[in-house]
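Protein chains: 2
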Amino acid sequence: MWDILYQNIDKLGVVLNDDEKAILQSLFKYRKFRKGQYIVQQDDVVKYESFIISGVTRTYTVDEKGQEHIITFGTDGWWTGDLYSFFTQKATAYNIDCIAETEVLQITQPALEELCNKVPKMNIYYRNLYRNSIIAFSKRMQSTLEKSAPERYEEFRQNYPLIEQRVANHQIASFLGITAQSLSRIRRQAANAKI
Amino acid sequence: MWDILYQNIDKLGVVLNDDEKAILQSLFKYRKFRKGQYIVQQDDVVKYESFIISGVTRTYTVDEKGQEHIITFGTDGWWTGDLYSFFTQKATAYNIDCIAETEVLQITQPALEELCNKVPKMNIYYRNLYRNSIIAFSKRMQSTLEKSAPERYEEFRQNYPLIEQRVANHQIASFLGITAQSLSRIRRQAANAKI
DNA sequence: CGAAAATTTGACATGACTCAACTGGAGTGG
DNA sequence: CCACTCCAGTTGAGTCATGTCAAATTTTCG
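Shown next as structure tokens:
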């Protein structure tokens with residue numbers, strides 16, 4: 004259970020000894036969600052950041068017309084939550100729910116601060132983690148600005164094959180910022196082009 | 004010259020004493036760019052992250068058709084650069100140039116690591132800085148997904164009045180992901196609506 | 001002043017949306 | 001086991017927002 008988190012920390016250049024691992028483990032809480040359950044609901048104050056051990060999540064907003072817009076997915080080895088609400092303790096605009104059964108390790112804001120105080124190199128982990136997230140957002144912004152919907156769909160399939168397999172097409176459409184109907188037509192085009 | 008950087012560090016919850024300030028100042032390099040000069044050019048390896056003391060920058064890509072797409076602007080008290088290229092030492096896909104005369108404080112990757120080693124609380128500064136950047140990208144992603152072009156334009160004006168005043172309309176259009184012609188029509192509509 | 005760039009405008013094309021209907025599969029209860 | 005419902009996915013027709021191309025106008029700046 005903890006291995007996947009340690010691997011993630013390790014991959015970002017931070018190595019923990021046993022004492023440090025013990026501190027870390029005392030500050031996270033394991034939780035399992037069934038398919039459809041919410042990790043975060045709109046208008047709540049977000050209490051935890053969640054490291055996903057296994058499963059699939061979606062982070063989305065609901066606009067005035069009731070349309071859902073998926074800001075990001077999450078899966079094994081990723082973090083999910085809302086940093087804004089988590090750090091400011093203000094209400095969140097996001098919903099996060101589970102597309103499949105999902106196991107997470109959760110940490111509260113005070114626990115995170117305690118962790119970073121007691122194990123200062125965790126600051127480096129978070130610095131690197133956030134840096135990678137910025138890089139990913141920046142690339143995504145670039146492709147929304149310069150690519151057509153069919154290109155963005157193809158790119159999504161390349162970049163997130165695991166997620167593509169596990170979520171419904173209308174959710175992919177929502178992530179790409181198009182309607183389910185449009186995605187269906189794009190898929191037909193792509194299929195025809197290959198024959 | 005250093006005050007604006009210290010204010011920024013302070014605002015993110017990190018207070019430096021004089022010794023620490025001395026270390027920091029020894030690791031940054033001041034540089035001034037004239038309007039039109041490049042801070043970063045496509046295909047280079049990015050050597051510095053730049054803290055903007057004053058001025059305006061744009062970070063953009065150029066697609067196969069020669070169209071420019073502005074990923075982000077920068078101005079007084081913001082950072083600019085490309086974290087991907089800076090940390091991986093691979094070629095960047097971005098161009099960053101100056102829309103007005105711009106003064107920056109630059110730091111190399113080794114200097115940044117040295118700074119974080121010698122002044123560990125700078126890790127907290129960067130963690131918080133990056134966190135805020137993620138929050139901003141996330142909000143921007145949300146509005147590209149759920150808002151119309153006129154709404155996004157209005158939001159841009161609300162959120163970045165200083166930038167709106169200092170950059171050309173076709174650059175704002177590029178940032179919003181629409182053409183200069185479309186923005187012109189949107190502005191006319193908005194002006195008519197107010198009369 | 002004069003050239004270059006930015007902005008605006010018009011006419012037309014097109015990609016994506018909306019609304020509505022239909023298909024097909026998964027799950028449910030009689 | 002079948003009929004039924006529910007939901008995702010697909011398809012069609014019409015509409016709308018935005019893009020494209022081209023030209024006119026205004027602004028900027030050497």
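Each protein sequence line maps, in turn, to chains Z and C. Under the working numbering, read the first sequence as residues 4 to 198, first letter to last. Under the working numbering, read the second sequence as residues 4 to 198, first letter to last. Where is the CB? At the ideal position from N, CA and C, for every residue including glycine.
Using a Cβ-Cβ distance under 8 angstroms, would residue i count as near chain Z?
i	result
C/TYR156	no
C/ILE127	yes
C/LEU115	no
C/GLN145	yes
C/LEU30	no
C/ARG130	yes
C/GLY2	Chain C is shown from 4 up to 198; residue 2 of chain C falls before or after that span and cannot be answered.
C/TYR33	no
C/PHE76	no
C/LEU86	yes
C/TYR9	no
C/PHE90	yes
Could you tell me whether the Cβ of residue i comes closer than 8 angstroms to any Cβ of chain C?
i	result
Z/GLY16	no
Z/HIS72	yes
Z/THR64	yes
Z/PRO153	no
Z/ILE138	yes
Z/PRO164	no
Z/ASP141	Looking at the sequence provided, one finds Ser at residue 141 of chain Z rather than Asp. Output row for Z/SER141: interface = yes.
Z/GLU149	yes
Z/GLY69	no
Z/ARG61	no
Z/ASP51	It is Tyr, not Asp, that sits at residue 51 of chain Z in the sequence shown. By this cut-off, Z/TYR51 is not an interface position.
Z/PHE159	no
Z/LEU134	Looking at the sequence provided, one finds Arg at residue 134 of chain Z rather than Leu. Closer than 8 angstroms: yes.
Identify, in the order they occur along the chain, each residue of the same chain with its Cβ nearer than 7 angstroms to the Cβ of residue i, setting aside the five sequence neighbours on each side.
i	result
C/PHE31	LEU108, GLN109, ILE110
Z/ALA96	GLN45, THR64
C/PRO113	none
Z/ASN11	GLY80
Z/ASN131	LEU15, GLY16
Z/ALA183	ASN172, HIS173, ALA176
According to DSSP, is residue i helix, strand or coil?
i	result
Z/ARG61	strand
C/LYS50	coil
C/GLU106	strand
C/ASN20	coil
C/GLU71	strand
C/PHE76	strand
C/TYR33	strand
C/ARG138	The residue you asked about is not Arg; residue 138 of chain C is Ile in the sequence shown. It is helical.
Z/ASP66	coil
Z/ASP6	helix
Z/TYR129	helix
Z/ASP13	helix
C/ALA96	coil
C/ILE56	strand
C/ILE181	coil
C/TYR156	helix
C/TYR41	strand
Between residue i and the rest of its own chain, which residues show a CB-CB distance below 8 angstroms, the 5 nearest in sequence each way excluded?
i	result
C/LEU118	ILE26, LEU27, LEU30, ILE110, MET125
Z/VAL59	PHE76, GLY77, THR78, CYS101, ILE102, ALA103, THR105, ILE166, ARG169, VAL170
C/ILE24	Note on identity: in this sequence residue 24 of chain C is Lys, with Ile being the wrong assignment. Counting only Cβ-Cβ distances below 8 angstroms, and skipping sequence neighbours, we find TRP5, TYR9.
Z/ASN135	LEU15
Z/LYS150	GLU158
With a threshold of 6 angstroms on Cβ separation, who are the neighbours of residue i within its own chain once the five nearest residues in sequence on each side are excluded?
i	result
C/ILE127	VAL17
C/LYS121	ILE26
Which whole-angstrom value describes the C-beta separation of residue i and residue j, a residue pair presumed to lie in contact below a C-beta threshold of 8 angstroms?
i	j	result
C/LEU19	C/TYR33	About 18 angstroms separates the two Cβ atoms, so there is no contact after all.
**Report entry** the region 161-180 of chain Z / the region 74-88 of chain Z touching (three or more Cβ pairs under 8 angstroms)
**Finding:** Segments in contact, yes.
Query raised in the report: Quick one: any contact between the region 38-54 of chain Z and the region 136-145 of chain Z, if contact means 3 or more CB pairs under 8 angstroms?
Result: Because the criterion of three Cβ pairs below 8 angstroms is not met, the region 38-54 of chain Z and the region 136-145 of chain Z do not touch.
Report task. Check whether the region 152-160 of chain C touches the region 177-188 of chain C, taking contact to mean three or more Cβ pairs, one atom from each stretch, closer than 8 angstroms. Result -> Counting Cβ pairs under 8 angstroms, three or more are found: they touch.
**Report entry** Cβ contact (3+ pairs, closer than 8 angstroms) linking the region 5-17 of chain C and the region 188-195 of chain Z
**Finding:** Inter-segment contact for the region 5-17 of chain C and the region 188-195 of chain Z is absent: fewer than three beta-carbon pairs are separated by less than 8 angstroms.
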